[in-house]
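K.L.:
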Amino acid sequence: MTTEVPEVSGGRRRPGRRPGRRPGAADTRGEILAAARRVFAEKGFDKATIRGIAREAGVDPALVHHYFDSKEGMFVAAMRLPLDPSSAIPLILSGPREEVGERLVRFILTMTADPAAREPLLGLVRTAMVNEQAVGMIREFFTTAVLGRVAEALDVPPLRMEAAFAQLFGVVMTRYILRFEPLASADVEEIVALLGPTMQRYLAG
1 MTTEVPEVSG GRRRPGRRPG RRPGAADTRG EILAAARRVF AEKGFDKATI RGIAREAGVD
61 PALVHHYFDS KEGMFVAAMR LPLDPSSAIP LILSGPREEV GERLVRFILT MTADPAAREP
121 LLGLVRTAMV NEQAVGMIRE FFTTAVLGRV AEALDVPPLR MEAAFAQLFG VVMTRYILRF
181 EPLASADVEE IVALLGPTMQ RYLAG
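Going left to right, the sequence shown walks through residues 1 to 205 as the UniProt record's numbering numbers them.
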(Lines of atoms letter the chains of each structure in order from A and count residues from 1; the text may use other names and numbers.)
(Lines give C-alpha, C1' and ligand atoms only; values in the text may rest on other atoms or scores of the structure.)
Protein backbone atom coordinates (compact mmCIF):
# COMPACT_ATOMS: atom_id res chain seq x y z
CA MET A 1 0.00 0.00 0.00
CA THR A 2 1.32 3.43 -0.92
CA THR A 3 1.07 6.13 1.72
CA GLU A 4 -0.18 9.45 0.39
CA VAL A 5 2.35 12.24 0.82
CA PRO A 6 0.84 15.61 1.85
CA GLU A 7 1.70 18.53 -0.39
CA VAL A 8 4.07 21.29 0.60
CA SER A 9 2.71 24.81 0.77
CA GLY A 10 4.86 27.87 1.34
CA GLY A 11 7.85 25.81 2.40
CA ARG A 12 6.08 24.31 5.48
CA ARG A 13 5.15 20.72 6.17
CA ARG A 14 1.44 20.20 6.47
CA PRO A 15 0.11 18.26 9.45
CA GLY A 16 0.64 14.54 9.19
CA ARG A 17 4.05 14.65 7.53
CA ARG A 18 6.92 13.10 9.41
CA PRO A 19 10.50 14.16 8.77
CA GLY A 20 12.86 11.79 7.04
CA ARG A 21 12.47 9.61 3.98
CA ARG A 22 9.08 10.02 2.28
CA PRO A 23 7.03 6.83 2.07
CA GLY A 24 5.94 6.27 -1.50
CA ALA A 25 7.74 9.32 -2.88
CA ALA A 26 8.55 8.70 -6.53
CA ASP A 27 11.29 11.31 -6.87
CA THR A 28 12.34 12.72 -3.53
CA ARG A 29 15.70 13.84 -4.92
CA GLY A 30 13.93 15.73 -7.72
CA GLU A 31 11.62 17.41 -5.22
CA ILE A 32 14.60 18.48 -3.11
CA LEU A 33 16.29 19.92 -6.20
CA ALA A 34 13.11 21.81 -7.14
CA ALA A 35 12.98 23.23 -3.63
CA ALA A 36 16.68 24.12 -3.83
CA ARG A 37 16.13 26.06 -7.07
CA ARG A 38 13.36 28.07 -5.40
CA VAL A 39 15.42 28.81 -2.30
CA PHE A 40 18.59 29.70 -4.23
CA ALA A 41 16.58 32.01 -6.49
CA GLU A 42 14.92 33.72 -3.53
CA LYS A 43 17.81 33.97 -1.07
CA GLY A 44 20.93 33.64 -3.24
CA PHE A 45 23.71 31.12 -2.73
CA ASP A 46 25.25 32.57 0.44
CA LYS A 47 22.03 32.85 2.49
CA ALA A 48 20.50 29.57 1.35
CA THR A 49 20.94 26.75 3.87
CA ILE A 50 20.52 22.99 3.84
CA ARG A 51 17.98 23.33 6.64
CA GLY A 52 16.01 25.96 4.72
CA ILE A 53 15.96 23.84 1.57
CA ALA A 54 14.85 20.81 3.58
CA ARG A 55 12.04 22.87 5.09
CA GLU A 56 10.96 24.05 1.63
CA ALA A 57 10.97 20.45 0.37
CA GLY A 58 9.16 19.20 3.47
CA VAL A 59 11.84 16.71 4.49
CA ASP A 60 14.36 16.24 7.27
CA PRO A 61 17.78 17.88 6.67
CA ALA A 62 19.35 14.43 7.12
CA LEU A 63 17.57 13.30 3.98
CA VAL A 64 19.03 16.21 2.04
CA HIS A 65 22.50 15.16 3.21
CA HIS A 66 21.68 11.63 2.08
CA TYR A 67 21.49 12.86 -1.51
CA PHE A 68 24.00 15.74 -1.48
CA ASP A 69 27.38 16.08 0.23
CA SER A 70 27.30 19.87 0.42
CA LYS A 71 25.41 23.02 -0.46
CA GLU A 72 27.81 23.52 -3.38
CA GLY A 73 27.01 20.06 -4.71
CA MET A 74 23.29 20.73 -4.41
CA PHE A 75 23.64 24.02 -6.29
CA VAL A 76 25.55 22.28 -9.08
CA ALA A 77 22.85 19.60 -9.36
CA ALA A 78 19.96 22.06 -9.09
CA MET A 79 21.37 24.33 -11.80
CA ARG A 80 22.66 21.38 -13.85
CA LEU A 81 26.14 22.89 -13.96
CA PRO A 82 29.07 20.91 -15.36
CA LEU A 83 31.45 22.24 -12.70
CA ASP A 84 31.49 20.70 -9.22
CA PRO A 85 34.00 22.56 -7.02
CA SER A 86 34.64 19.53 -4.81
CA SER A 87 36.18 17.63 -7.72
CA ALA A 88 37.25 20.45 -10.06
CA ILE A 89 39.36 22.49 -7.65
CA PRO A 90 41.64 19.64 -6.49
CA LEU A 91 42.14 18.73 -10.15
CA ILE A 92 43.18 22.28 -11.05
CA LEU A 93 45.45 22.65 -8.03
CA SER A 94 47.21 19.31 -8.37
CA GLY A 95 50.58 19.42 -10.09
CA PRO A 96 53.36 22.00 -10.35
CA ARG A 97 52.46 25.56 -9.36
CA GLU A 98 54.13 26.91 -12.52
CA GLU A 99 51.62 25.00 -14.68
CA VAL A 100 48.41 25.95 -12.88
CA GLY A 101 47.52 28.54 -15.54
CA GLU A 102 47.61 25.94 -18.29
CA ARG A 103 45.64 23.44 -16.19
CA LEU A 104 42.94 26.02 -15.50
CA VAL A 105 42.52 26.96 -19.18
CA ARG A 106 42.59 23.33 -20.30
CA PHE A 107 40.02 22.30 -17.67
CA ILE A 108 37.54 25.07 -18.55
CA LEU A 109 37.83 24.59 -22.31
CA THR A 110 37.66 20.80 -22.12
CA MET A 111 34.62 20.96 -19.84
CA THR A 112 32.75 23.40 -22.08
CA ALA A 113 33.68 21.53 -25.28
CA ASP A 114 30.86 19.08 -24.59
CA PRO A 115 27.57 20.68 -25.77
CA ALA A 116 25.54 18.71 -23.22
CA ALA A 117 27.76 20.02 -20.43
CA ARG A 118 28.00 23.66 -21.47
CA GLU A 119 24.36 24.34 -22.44
CA PRO A 120 23.02 24.48 -18.85
CA LEU A 121 25.86 26.84 -17.96
CA LEU A 122 25.24 29.09 -20.94
CA GLY A 123 21.50 28.99 -20.24
CA LEU A 124 22.13 30.18 -16.70
CA VAL A 125 24.33 32.99 -18.02
CA ARG A 126 21.62 34.07 -20.47
CA THR A 127 19.10 34.16 -17.63
CA ALA A 128 21.48 36.22 -15.52
CA MET A 129 21.68 38.84 -18.26
CA VAL A 130 18.01 39.73 -17.73
CA ASN A 131 17.42 38.64 -14.13
CA GLU A 132 19.07 40.46 -11.22
CA GLN A 133 18.33 37.64 -8.77
CA ALA A 134 20.10 35.17 -11.05
CA VAL A 135 23.08 37.52 -11.28
CA GLY A 136 23.45 37.61 -7.50
CA MET A 137 23.02 33.86 -7.15
CA ILE A 138 25.67 33.07 -9.77
CA ARG A 139 28.06 35.73 -8.45
CA GLU A 140 27.84 34.38 -4.91
CA PHE A 141 28.35 30.79 -6.01
CA PHE A 142 31.43 31.48 -8.09
CA THR A 143 33.05 33.97 -5.71
CA THR A 144 32.40 31.83 -2.61
CA ALA A 145 32.60 28.23 -3.77
CA VAL A 146 35.05 28.51 -6.67
CA LEU A 147 37.17 31.66 -6.97
CA GLY A 148 37.56 32.23 -3.25
CA ARG A 149 38.72 28.68 -2.61
CA VAL A 150 41.22 28.71 -5.47
CA ALA A 151 42.54 32.15 -4.45
CA GLU A 152 42.99 30.98 -0.87
CA ALA A 153 44.75 27.77 -1.90
CA LEU A 154 47.14 29.64 -4.20
CA ASP A 155 47.45 32.69 -1.94
CA VAL A 156 46.34 34.94 -4.80
CA PRO A 157 44.69 38.35 -4.21
CA PRO A 158 40.96 38.28 -5.08
CA LEU A 159 41.42 40.93 -7.80
CA ARG A 160 43.89 38.71 -9.68
CA MET A 161 41.63 35.68 -9.33
CA GLU A 162 38.57 37.54 -10.60
CA ALA A 163 40.54 39.05 -13.49
CA ALA A 164 41.65 35.57 -14.54
CA PHE A 165 38.07 34.30 -14.33
CA ALA A 166 36.79 37.29 -16.32
CA GLN A 167 39.21 36.59 -19.14
CA LEU A 168 38.34 32.89 -19.28
CA PHE A 169 34.64 33.68 -19.09
CA GLY A 170 35.01 36.06 -22.02
CA VAL A 171 36.78 33.39 -24.05
CA VAL A 172 34.00 30.88 -23.40
CA MET A 173 31.32 33.40 -24.36
CA THR A 174 33.18 34.45 -27.51
CA ARG A 175 33.87 30.85 -28.50
CA TYR A 176 30.41 29.37 -27.91
CA ILE A 177 27.86 32.20 -28.01
CA LEU A 178 29.30 34.83 -30.36
CA ARG A 179 31.24 32.13 -32.24
CA PHE A 180 34.03 34.38 -33.45
CA GLU A 181 36.37 32.68 -35.89
CA PRO A 182 39.00 31.37 -35.74
CA LEU A 183 38.51 31.18 -31.94
CA ALA A 184 35.30 29.16 -32.22
CA SER A 185 36.94 26.32 -34.12
CA ALA A 186 40.47 26.52 -32.68
CA ASP A 187 41.90 23.41 -31.03
CA VAL A 188 41.78 23.40 -27.23
CA GLU A 189 45.53 22.94 -26.92
CA GLU A 190 46.14 25.87 -29.26
CA ILE A 191 44.13 28.12 -26.95
CA VAL A 192 45.83 26.64 -23.88
CA ALA A 193 49.23 27.55 -25.35
CA LEU A 194 47.97 31.08 -26.03
CA LEU A 195 46.20 31.79 -22.74
CA GLY A 196 48.12 29.60 -20.31
CA PRO A 197 50.97 32.09 -19.75
CA THR A 198 48.49 34.91 -19.18
CA MET A 199 46.57 32.89 -16.60
CA GLN A 200 49.86 31.98 -14.96
CA ARG A 201 50.74 35.65 -14.58
CA TYR A 202 47.41 36.29 -12.88
CA LEU A 203 47.74 33.32 -10.53
CA ALA A 204 51.47 33.35 -9.78
CA GLY A 205 52.38 37.04 -10.07
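Using N, Cα and C, we set each Cβ at its ideal position, and we do this for glycine too.
(1) Measuring from the CB of S87, is there a heavy atom of the ligand FMN at a distance below 7 Å?
(2) Can you tell me the Cα-Cα spacing of R118 and T112, whole angstroms?
(3) Less than 8 Å between the C-beta atoms of L93 and V100, yes or no?
(4) Return the chain-ordered list of same chain residues with a C-beta closer than 7 Å to the C-beta of F40, the five sequence neighbours on each side being excluded.
(5) For the alpha helix (DSSP H) that contains Y176, what are its first and last residues?
(6) Which ranges would you report for the alpha helix (DSSP H) in the region 94 to 138 if only whole runs of at least 4 residues count?
(7) Round the Cβ separation of A134 and T144 to the nearest angstrom and send it over; I've been treating them as touching at under 8 Å.
(8) Which residue from G196, R201, A204 and V64 puts its Cα closest to that of R103?
(9) Is there contact between the region 27 to 41 and the region 55 to 68, where contact requires at least three CB pairs shorter than 8 Å?
(10) In angstroms with no decimal places, state the Cα-to-Cα distance between V105 and A163.
(11) With L109 and I50 assumed to form a contact (beta carbons below 8 Å), what rounded beta-carbon distance in angstroms separates them?
(12) Mind checking F68: buried by the 16 CB within 10 Å criterion, or exposed?
P.N.:
For this structure:
(1) Among the ligands in the structure shown, none appear at all, so the ligand FMN cannot be discussed.
(2) C-alpha of R118 to C-alpha of T112: approximately 5 Å in a straight line.
(3) Taking a C-beta distance under 8 Å as the contact criterion, L93 and V100 qualify as a contact pair.
(4) Cβ within range, chain order: A48, F75, A78 and M137.
(5) Judged by DSSP secondary structure, Y176 falls outside any alpha helix (DSSP H); it is assigned neither H nor E.
(6) Entirely contained in the region 94 to 138, the alpha helix (DSSP H) runs reaching 4 residues are, in chain order, 100 to 112 and 115 to 128.
(7) Contact between A134 and T144 is absent: CB atoms are separated by about 16 Å, not below the 8 Å threshold.
(8) Answer by Cα proximity: G196.
(9) Verdict: yes, contact present.
(10) Cα-Cα distance, rounded: 14 Å.
(11) Rounded, the Cβ-Cβ distance is 33 Å, inconsistent with contact.
(12) For F68, the number of other beta carbons within 10 angstroms of its own is at least 16, and it is reported as buried.
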